[in-house]
Every structure is written in C-alpha cells, then in structure tokens.
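Chemist: Heads up: the sequence shown runs through residues 630 to 755, numbered per my numbering. Below you will find the structure I want to go over with you.
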Amino acid sequence: MVRSKLPGKLRVKFILLAGLMLLASDLAAKEEMDYQGLPPGAGVDLVLENCTACHSTDIIRKNHMSREAWDKTITWMQEKQGLWELGKDRQIILDYLSKAQGVEKNKAVGRRNNPMYEFDYKPNPL
Numbered sequence: 630m631v632r633s634k635l636p637g638k639l640r641v642k643f644i645l646l647a648g649l650m651l652l653a654s655d656l657a658a659k660e661e662m663d664y665q666g667l668p669p670g671a672g673v674d675l676v677l678e679n680c681t682a683c684h685s686t687d688i689i690r691k692n693h694m695s696r697e698a699w700d701k702t703i704t705w706m707q708e709k710q711g712l713w714e715l716g717k718d719r720q721i722i723l724d725y726l727s728k729a730q731g732v733e734k735n736k737a738v739g740r741r742n743n744p745m746y747e748f749d750y751k752p753n754p755l
C-alpha cells in the first residue's frame with residue numbers, strides 16, 4: 630500500500646482543489662460545446678440552426694460588423710449562396726450578431742477584418 634507523505638488536512642485540500650478544477654474545466658468545455666465557441670445570448674440557437682448548416686462558427690467569430698453590415702452579409706448569402714428566407718428569425722439573428730459580434734467588440738469594420746481570412750476559409754468545393 631502506498632502512503633501519501635502529505636498531512637491529512639493538506640491531502641483533503643489537495644483532493645478538493647483537484648476536484649474543483651476538474652469540475653470547472655468540464656463546465657467550461659460544456660459551454661464551449663453548447664454554443665460552438667459563440668457567446669451565449671438570446672438568438673444564439675437561431676444562429677447555430679441557420680448559419681452552421683453551411684459554415685462553421687469560426688467564420689462568425691472572426692468577423693465583427695455593424696448591424697447593417699451583418700444585414701448586407703445575410704442578403705448576400707441569400708442572393709449568392711442559397712441561404713433560405715429567414716422570416717421573423719432574421720431580426721433575432723441580427724440582434725444577436727450585432728450584440729455578440731458587433732463592431733464595438735473589435736473596433737474593426739468589414740466582412741474580412743482578419744488578414745488571414747483567405748487562408749482560413751478555402752473556397753467551397755460545391
């Protein structure tokens with residue numbers, strides 16, 4: 630039998646600390662998986678449902694735009710990429726994107742504010 634050289638109280642504290650760290654990392658990983666890296670908020674489920682049918686959340690997370698720019702991007706996706714009509718969900722999606730991925734979060738405007746954009750996103754082969 631292997632005996633620990635740590636005193637009893639210190640051993641208990643160590644075990645509790647290790648348990649708390651595992652629990653915290655598990656909760657953080659669960660939240661990350663729940664929203665695929667997007668910040669939680671009203672409308673995130675609609676964004677995941679409608680946007681990730683065609684692309685990952687990486688492209689959303691790397692862009693920070695005004696509400697008007699997000700609106701133009703959605704229109705472009707509908708006209709050029711085959712995105713379906715969103716109906717009343719469009720406003721909820723725009724509310725979420727302008728708040729969670731708005732300009733004030735990054736201070737940069739534009740669809741491709743990441744200089745590595747062309748390397749991150751290969752052309753769609755379809």
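Don't be surprised by glycine CBs; every beta carbon is placed ideally from N, CA and C.
Nearest-angstrom Cα distance between GLN707 and ALA653?
Modeler: Translated into the one-based positions of the sequence shown, residue 707 becomes position 78. Translated into the one-based positions of the sequence shown, residue 653 becomes position 24. About 40 Å.
Chemist: Quick check: what's the CA-CA separation for GLY648 versus LYS642?
Modeler: In the sequence shown, residue 648 corresponds to position 19, counting from 1. In the sequence shown, residue 642 corresponds to position 13, counting from 1. If you draw a straight line from the Cα of GLY648 to the Cα of LYS642, it is about 10 Å long.
Chemist: Leaving aside the five residues before and after ALA729 along the sequence, list all residues of the same chain whose C-beta is less than 6 Å from its C-beta, in chain order.
Modeler: As a first step, residue 729 must be located in the sequence shown, where it is residue number 100. Here the set comprises PRO668, GLY670.
Chemist: Using only the alpha-carbon positions, how far apart do GLY716 and MET650 sit?
Modeler: Taking the sequence shown and counting its residues from 1, the one referred to as residue 716 is at position 87. Taking the sequence shown and counting its residues from 1, the one referred to as residue 650 is at position 21. Each residue's Cα considered, the two are about 44 Å apart.
Chemist: Taking the continuous alpha helix (DSSP H) assigned at ASN692, which residues delimit it?
Modeler: What you label residue 692 is simply residue 63 of the sequence shown in a count that begins at 1. Note, ASN692: premise wrong, no alpha helix (DSSP H); not H, not E.
Chemist: Anyone know if the C-beta pair for GLY666 and THR686 falls short of 7 Å?
Modeler: Within the sequence shown, residue 666 is the residue found at index 37, counting from 1. Within the sequence shown, residue 686 is the residue found at index 57, counting from 1. Yes, these two residues count as a Cβ contact at 7 Å.
Chemist: Compare the beta carbon distance of HIS684 and VAL732 with 7 Å and say whether it is the shorter of the two.
Modeler: What you label residue 684 is simply residue 55 of the sequence shown in a count that begins at 1. What you label residue 732 is simply residue 103 of the sequence shown in a count that begins at 1. No. Outside cutoff.
Chemist: Buried or exposed, going by whether 16 or more other CB atoms sit within 10 Å of the CB of GLY672?
Modeler: For the purposes of this step, residue 672 is taken as the residue at position 43 of the sequence shown. The residue in question, GLY672, is buried, as its Cβ has 16 or more Cβ neighbours within 10 Å.
Chemist: Where does LEU645 land, buried or exposed, given buried means 16+ other C-beta within 10 angstroms?
Modeler: Taking the first residue of the sequence shown as 1, we reach residue 645 at position 16. With fewer than 16 other Cβ atoms within 10 Å, it is exposed.
Chemist: If we ignore side chains and look at the alpha-carbon of each, how far apart do VAL676 and ILE689 end up?
Modeler: Position 47 of the sequence shown holds residue 676. Position 60 of the sequence shown holds residue 689. If I take the Cα positions, the gap works out to 9 Å.
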